[in-house]
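Novice:
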Amino acid sequence: MSAHLCLDVLTVGLTYRDLVFTGVDALPQAGEERYARGLHEMWGGIATMARVCAALGMRAGLATEVGDDDASRRLLADMAAAGIDTSLSREHPGWRLPVTVAMSLPEDRAMLTVEDPLATEVAGHLERTAFTARSIIVDLRDPAAPWLQRARAEGATVFASRGFDPTERWGDEALSGLDATDVWMLNDLEARAFTGLDDPLAAARALSRRVPLVVVTRGADGMVAVDATTGEEAVVPAFPVDPLSTIGAGDSSLAAFAYAHGRTDSLEERVTLTAFIVSAVLTSPGGAATPPDRAQLLELAGQGGDRRLDLVRGLLA
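In the numbering used here, the protein residues as written are 2 to 318.
#1: Along the chain, which unbroken stretches of the beta strand (DSSP E) at least 3 residues long are found entirely within the region 210-282?
#2: Taking its Cβ as the centre, do 16 or more other Cβ atoms sit within 10 Å of S3, making it buried, or is it exposed?
#3: Ignoring anything shorter than 4 residues, give me the alpha helix (DSSP H) runs that lie fully in the region 91-159, in order along the chain.
#4: So what's T23 in DSSP terms, helix, strand or just coil?
#5: What whole-angstrom Cβ distance do P94 and E116 have, given they're in contact under 8 Å?
#6: Could you check the C-alpha separation between L299 and A318 for me, to the nearest Å?
#7: Do the region 3-19 and the region 32-40 touch if we need at least three Cβ pairs shorter than 8 Å?
#8: Roughly how many whole angstroms lie between the Cα atoms of T158 and T133?
#9: Judging by CA-CA distance, which residue of A152, V53, P118 is the nearest neighbour of R129?
#10: Can you give the Cα-Cα distance for R210 and A239, rounded to whole angstroms?
#11: Examine the Cβ distances between the region 229-237 and the region 185-199 and report whether three or more of them are shorter than 8 Å.
#12: Can you check which of these residues, A78, V53, L316, is closest to L268 by C-alpha distance?
#13: R60 and D9 look like a contact to me (Cβ under 8 Å); what is the Cβ gap, rounded to whole Å?
#14: Looking only at DSSP bridge pairs, what is D1 linked to?
#15: Count the CB pairs spanning the region 274-289 and the region 240-248 that are closer than 8 Å, and state whether there are at least three.
Now the structure itself:
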C-alpha cells in the first residue's frame, strides 16, 4: 500500500457473492418448483458501488473484508481488473465471503443470505491507515468509527445506506451512525418503516432532521430528495425502461448519486442524473455486474424523446 492513498471515492463495508436467478416470472410458493431463464454470479453489496463508481470514471477504492477462499481471491482479481484499488481491504484466514441467492423479478427481487460473523469490527483497521477520499460510501449497519469522523473532518462527504433491518424494529439503535453522515439514501419501504409515514416526500423531510440530505428511491416511481441545508426538494420520475435485472439497483443508485454530487449543485439535477444512470444499469445486459461507462451513457442519452436527456448529456460531458 502507498504511504497515502488518494481517491475520488472509497466504498467501505461487506461484499457479498451474489448468485442471481433472472427471468423469474413469480416467486415459488411453499412446496412449489419454478424455473428461471438464467443464473449469474456477481459481487454485490459495497463492491457494486465501487464497480459503478469506477465505470463512471472515478478513482475508486474498495475497503472490504475478505477470506482466504476462492471467492475472495476472484473478487480481488475482478476488482483489480476494473481498476478498483483494494489495498485497504483486509484478509481473515478461515473466513469466507457471505453468499446471497437472489431472484430477480420484473418489478422487484427477493434474497436469502448466509453470512459468517466476523471476529472484528468491519473496517476497523482503517484507524491505522493513511488515505484521502473526496467521497466515502458506507453501510450504516456497520458502526461508525473514529476513522470516518476523521475523514469527514478532512473534507470527505459521507454517503450512507442502511438496508433492511432484520429485527424489523426500525428503531433509533439502527441509526447510530447517522451523526457521521452527510447523505442518506434508502428505499421507500425503509423510509416508511423508520418514520411511520406513507408519503415518501414527507418521510424524507422527517429523516432530514437526522441527516442533512436524504434521498428515497421508489423503484419505477422514481426518487424524492430533501436537502435540509439548502431547503431544496426534488421529486423526479424514473426514466421508463424494461429492466433486465433489478439486482443491485439500490447500490447502483447510491454510487450514481455520489458521482452526480460532484457534477452540479442543483439537487433536482443530481437526482435526475442518478435516475438516468440507474435506468441504464437496469437495462445493461449484465446489470450492475457490468455497469455502463460514461461513453455508453452519453450514447444512451442521445436516444429517446425524454426532454431531460439534454440535461443528462450536459452533466455527463
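The beta carbon of each residue, even a glycine, is placed where N, CA and C say it ideally should be.
Specialist: Taking the definition as stated:
#1: 214-218, 224-228, 234-237
#2: Caution applies to S3, whose pLDDT of 48 falls short of 50 and renders its modelled position unreliable; the value that the coordinates give is listed next. Classification for S3: exposed.
#3: Within the region 91-159, the complete alpha helix (DSSP H) runs of at least 4 residues are 147-154.
#4: strand
#5: Not confirmed; about 17 Å, so no contact.
#6: 8 Å
#7: no
#8: 11 Å
#9: A152
#10: The straight-line gap from Cα to Cα measures roughly 26 Å.
#11: no
#12: L316
#13: About 4 Å separates the beta carbon of R60 from that of D9, a gap short enough to meet the 8 Å contact definition.
#14: With the chain covering 2 to 318 only, the question about residue 1 has no answer from this structure.
#15: In short, these stretches touch, since the Cβ pair count reaches three.
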